[in-house]
Amino acid sequence: MSGTRSDLRGRLTDGLYGLGWGAVKKLPEPAAAALFRSLADQVWKRRGKSVLRLESNLARVVPDADAARLAELSRAGMRSYMRYWMESFRLPTWSPERIKASIDVRDAHRLTEGLDAGRGVVLALPHLGNWDLAGAWVTTDLEVPFTTVAERLRPETLYDRFVAYRQGLGMEVLPHSGGAAFGTLARRLRAGGLVCLVADRDLSASGVEVDFFGATARMPAGPALLAQQTGALLLPVTLWYDGTPVMGARVHPPVPVPETGTRAEKTSSMTQALADAFATGIAEHPEDWHMLQRLWLADLEPQGEAP
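So for the sequence shown, numbering that gives the first Met the number 0 puts the first residue at 0; every next one is plus one.
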């Protein structure tokens, strides 16, 4: 019975996403923006688990915020999150000119100089702003293809939708399948290619513990390991909205590979440097951090399992 219910829920979810990609992109933009703001406010008012988790996470980011300020931030956060979805549903219809005009990238030279030097480059991002739009900018403005990894979603048809969507934006998408994906990413980097990874949450046993806003969290080891093994440049990137149609982006200084230490020690140091760069961007724009899940180890269930 539970399997049947799960299958039904999966088909419903897939159908809703299909409707979003099919219908939302046909709406006039002001109507689409108003619709998604309204949806965000409705979700926020219901005070469900995702909203409460977002507020709990934001309380660590803005520790001096009172309840009213946290509520204000979580409402803005849900609007930012729904803006991400509205843009993502419509992004396949945007012209290259529209994509280029919709993002302002600071210090992009750090990325372009690394690629021009023939080094592979790893871009590591947190769940800030719209990382799909940032990826579309890379493939349209810079005209550079890149490889990324996507977690398998249920049902499989929903995962296929996301893969097709991102491939349509010019990305090579690999399934998150451990060593196979890592090996392909390493080959792309050794050939001087570009890899982009969302890297602010990894609750698996392979996650690296970092200090993040004063408490312990786990982040993926992959970006640091790839940089060590391939000689690629590791660049943190943060994104934000500023109340205009244009999204801001910043390419942070590269994270160096330590000259001494074991591989584990180097990975720990580099992942902490990524966490520090992410924290800078998140602290500046907390409402654009779309972290609606548990992140810090202290917030996990007693069994240590993710929700």
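For every residue, glycine included, the Cβ atom is placed at its ideal position computed from N, Cα and C. Just so we're clear, the structure is a prediction, and the values are computed from it rather than from any experiment.
Let me know if residue i comes out buried or exposed under the rule of 16 or more other beta-carbons within 10 Å of its beta-carbon.
i, result
"H126", "buried"
"P235", "buried"
"R293", "buried"
"E286", "buried"
"P244", "exposed"
"D210", "exposed"
"L51", "exposed"
"R217", "buried"
"D63", "exposed"
"E86", "buried"
"G260", "exposed"
"M0", "Low local confidence applies: a pLDDT of 44 at M0 is under 50, so the model's placement there is unreliable, with the coordinate-based value given in what follows. By the neighbour-count rule (16 or more Cβ atoms within 10 Å), M0 is not buried but exposed."
"K44", "exposed"
"T307", "Look at the range of the chain in this structure, 0 to 306, and you will see that residue 307 is not part of it."
"L291", "buried"
"G280", "buried"
"R262", "exposed"
"A348", "Not covered by the structure: residue 348. The range shown for the chain is 0 to 306."
"L7", "Low local confidence applies: a pLDDT of 41 at L7 is under 50, so the model's placement there is unreliable, with the coordinate-based value given in what follows. Classification for L7: exposed."
"A135", "buried"
"A30", "exposed"
"P219", "buried"
"P222", "buried"
Tell me residue i's beta-bridge partners as DSSP assigns them.
i, result
"T247", "According to the sequence as given, residue 247 is Gly; it is not Thr. G247 is bridged to D103, W239."
"V207", "M218"
"E308", "In the structure displayed, the chain extends from 0 to 306; residue 308 sits before or after that span and is not available."
"L196", "A123"
"W295", "A216"
"L232", "V120"
Starting from the Cα of residue i, find the closest Cα among the options and give me that residue.
i, options, result
"R187", "F211, E150, V143", "V143"
"H289", "E54, L90, S203", "E54"
"V137", "V250, R78, A149, P219", "V250"
"A70", "A231, R82, L57", "L57"
"V172", "R105, A220, V194", "V194"
"A133", "L232, G169, A67, A163", "G169"
"L114", "P253, E283, T270", "P253"
"Y83", "L232, W295, P95, A32", "A32"
"F212", "G182, G247, A223, A276", "A276"
"R200", "L299, K44, A30, R74", "L299"
"L296", "R36, W239, R59", "R59"
"A149", "G167, P174, A220, Q227", "P174"
"L141", "I98, T147, R118, S268", "I98"
"S37", "G47, S49, E28, R78", "R78"
Under DSSP, the beta strand (DSSP E) around residue i begins and ends at which residues?
i, result
"A31", "Premise fails: A31 lies in the alpha helix (DSSP H), 28-45, not in any beta strand (DSSP E)."
By the DSSP assignment, the alpha helix (DSSP H) with residue i in it spans what residues?
i, result
"L57", "48-60"
"G134", "130-139"
I'd like to confirm something about residue i: is its beta-carbon nearer than 7 Å to some heavy atom of the ligand ADP, or not?
i, result
"F35", "For the ligand ADP, the structure offers nothing, since it holds no ligand at all."
Mind listing, in chain order, the continuous beta strand (DSSP E) runs of no fewer than 3 residues lying wholly within the segment 77-128?
Positions of the beta strand (DSSP E) runs, each at least 3 residues long and wholly inside the segment 77-128, are given as 102-105, 120-124 in order along the chain.
For the segment 252-291, list the alpha helix (DSSP H) runs that are entirely contained and at least 4 residues long, ordered along the chain.
262-283
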